[in-house]
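K.L.:
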Amino acid sequence: MKQKSNVSPHIVFCQVCKSDVDISNSGRSNIKQHLSKKKHVLATNANSKSSKLETFVKKENLSSENMLIAAKEGTFAYHKIKHLQSFKSLDWTSKLIVSMFEHNLGHLEPRLRRS
């Protein structure tokens with residue numbers, strides 16, 4: 001729980017279930033009561049079952065080549081999100097892919113021939 005000083009010194013914010021808890025009258029018992037509420041229990045269970053982002057991200061240092069690929073992937077994802085509403089963006093997409101990965105085509109060509 002975190003104190004919400006901008007609302008009142010007697011109101012705390014539960015970061016688990018994203019709700020305010022008034023502790024002005026009975027303090028500790030209000031917090032205990034809040035911890036047993038359905039909304040808080042469901043939020044606690046959801047937090048424990050969901051995977052953390054760190055499990056999907058490599059923790060070791062990236063090489064400069066991998067950093068460059070990650071930057072290109074991020075640029076491409078940003079472009080698709082920003083322009084997905086317009087058909088004009090599809091004309092530019094193929095040009096973007098070629099310009100980003102043109103130097104890697106030599107590495108991909110042998111794999112494409114085998115399959």
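In our numbering, the protein residues as written are 1 to 115. We treat Cβ as the ideally placed atom computed from N, Cα and C, and that holds for glycine.
1) Looking at the unbroken alpha helix (DSSP H) that takes in residue 69, where does it start and where does it end?
2) When DSSP builds the beta bridges, which residues end up paired with residue 98?
3) Determine which residues share a DSSP beta bridge with residue 11 and list them.
4) Leaving out the 5 sequence neighbours to the left and right, which residues in its chain are closer than 6 Å to residue 50 when beta-carbon positions are compared?
5) Would residue 22 and residue 30 be called neighbours here (beta carbons separated by less than 8 Å)?
6) How would you label residue 12, buried or exposed, when you count the other beta carbons within 10 angstroms and need 16 or more for buried?
7) Should residue 61 be flagged as near chain B, meaning a C-beta pair shorter than 8 Å?
8) In this structure, does DSSP put residue 61 in helix, strand or coil?
9) Looking at the unbroken alpha helix (DSSP H) that takes in residue 49, where does it start and where does it end?
10) What's the C-alpha gap between residue 69 and residue 95?
11) Indicate whether residue 24 and residue 10 have their beta-carbon atoms separated by less than 8 Å.
P.N.:
Reading from the atomic positions:
1) Looking up residue 69 in the sequence shown gives position 69. Per DSSP, residue 69 belongs to the alpha helix (DSSP H) from 64-83.
2) Position 98 of the sequence shown holds residue 98. Residue 98 pairs with nothing; no bridge assigned.
3) Indexing the sequence shown from 1 puts residue 11 at position 11. DSSP output for residue 11 lists 22 as bridge partner(s).
4) Position 50 of the sequence shown holds residue 50. Here the set comprises nothing.
5) Here residue 22 is taken as the residue at index 22 of the sequence shown, counted from 1. Here residue 30 is taken as the residue at index 30 of the sequence shown, counted from 1. Yes, these two residues count as a Cβ contact at 8 Å.
6) Your numbering for residue 12 matches position 12 in the sequence shown. Per the 10 Å Cβ criterion, buried.
7) You won't find chain B in this structure, because it holds only one protein chain.
8) As a first step, residue 61 must be located in the sequence shown, where it is residue number 61. Looking at residue 61 - three-state DSSP - the assignment turns out to be coil, as it is neither helix nor strand.
9) Within the sequence shown, the letter at position 49 stands for residue 49. Element bounds for residue 49: 38-49.
10) The sequence position of residue 69 within the sequence shown is 69, counting from 1. The sequence position of residue 95 within the sequence shown is 95, counting from 1. Those two C-alpha atoms are separated by around 17 Å.
11) Here residue 24 refers to the residue found at position 24 when the sequence shown is read from its first residue. Here residue 10 refers to the residue found at position 10 when the sequence shown is read from its first residue. Against a cut-off of 8 Å, the Cβ pair of residue 10 and residue 24 comes out as a contact.
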